[in-house]
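Q:
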Amino acid sequence: MNASRTNTSPHAVSRPSTTGRTRTARRVAVVGGIAASAVVLLAGPALAHVSVQPVGEAAKGGYATVNFKVPNERDDASTVKLEVNFPTEHPLASVAPQAVPGWKIAVTKSKLAKPIEMHGKQITEAVSKVTWTAAAGGGVAPGYFQQFPLSVGQLPEDADQLVFKTLQTYDNDEVVRWIDAPTEGAEPESPAPVLTLTAASEDGHGAAADDKTGDKAGDDAKAGADQASDESEGGDAENAASSDSSDGTARGLGIAGIVIGVAGVAYGVLAGRRRTSSTGTSSTGTPAS
């Protein structure tokens, strides 16, 4: 009698299917959680490296104002030093930094192995490095970024891009080396800032390369620095807006992943409750009401 009651019990019949549903629910919850974590991890570091962007265009053969954007990617340290190394294969004779409050700037020049001609003059040395060092107690704090503007020229006519190997130093003595040249099809682990050059204008030069005398080169560099100063507020606002937009996208992806994970966990919990409800029985083997 007991055997018959046990064999015909709804509890005995339903156990295999509810067990399968429970296992499926658990898998969904786990997959959802993994997806959420992966989205958050992928969304964060993608925008964390040092980069360089022109204000307007960087035309071949001309002059340009560029901004080196330095985000702080550490939660417990501030960026206190930035070293930007200039490409030796395409030397830039004219480099004028814009003053950045709270930072000391040092421009290093080196002798050229082969002199270059600029506006009818022989140039025997060019800028090889620009270093920004924060004042005591200053720097780029966690959660912030800083822009470092430069007026540069004359840009090469025989290159499509310039690679600036950069070192970022934190106040805990950590040095991050952004020195990897770009590779086709994949982003390097520590990519160096790359300035993309656009085609020259109709006169065969960049917008600021219509000088009449060699002395005009220095004036152009100064004008570029003044332009950076005049446009710094607007440029900062534009870059901040871009950063906010990118950060907003990353946060959106992260939130979407978290929602997927939460939904998976909720589904697992609900399935577990349904299993408990369907398998609950009275002491006599009769399904519980």
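Take the sequence shown: its letter number 212 is residue 212 in the numbering used here, and every next letter is one higher.
Just so you know, even glycine gets a beta-carbon here, dropped at the ideal spot from N, CA and C.
Only a predicted model underlies this, so the values are computations on that prediction, with no experimental measurement involved.
Between the stretch 47-57 and the stretch 137-146, do at least 3 Cβ pairs fall closer than 8 Å?
A: With a cut-off of 8 Å, the stretch 137-146 and the stretch 47-57 do not count as touching, because too few Cβ pairs lie within range.
Q: Please classify S295 as buried or exposed, where buried requires at least 16 other C-beta atoms within 10 Å of its C-beta.
A: The chain is shown only over 1 to 289; residue 295 falls outside these bounds and no answer can be derived.
Q: Ends of the beta strand (DSSP E) at Y170?
A: Element bounds for Y170: K165 to Y170.
Q: Consider the C-beta atom of E117 and the heavy atoms of the ligand FMN; say whether any pair is separated by less than 6 Å.
A: Absent from the structure shown: the ligand FMN. Ligands present: none.
Q: Rounded to whole angstroms, what's the CA-CA distance from S78 to V100? Just pull it up for me.
A: Using only the alpha carbons, I get a separation of about 16 Å.
Q: Going by DSSP in three states, E125 sits in which element: helix, strand or coil?
A: DSSP places E125 in strand when its eight states are reduced to three.
Q: Look at S94 and T108 and say whether their C-beta atoms are less than 7 Å apart.
A: No, the Cβ-Cβ distance between S94 and T108 is not below 7 Å.
Q: With burial defined as no fewer than 16 other Cβ atoms inside 10 Å of the residue's Cβ, what is the status of E117: buried or exposed?
A: Exposed: under 16 other Cβ atoms inside 10 Å.
Q: Under the assumption that P71 contacts A64 (Cβ atoms under 8 Å), give the Cβ distance between them as a whole number of angstroms.
A: Contact doesn't hold; Cβ gap of about 22 Å is too wide.
Q: In the DSSP assignment, the beta strand (DSSP E) including E83 goes from what residue to what residue?
A: T79 to N85 is the span of the beta strand (DSSP E), which, as asked, contains E83.
Q: State the start and end residues of the unbroken beta strand (DSSP E) segment that holds G137.
A: Here G137 belongs to no beta strand (DSSP E), and DSSP marks it neither H nor E.
Q: Roughly how many angstroms lie between the CA atoms of T338 and I179, to the nearest whole one?
A: Since the first residue of the chain shown is 1 and the last is 289, residue 338 is not available in this structure.
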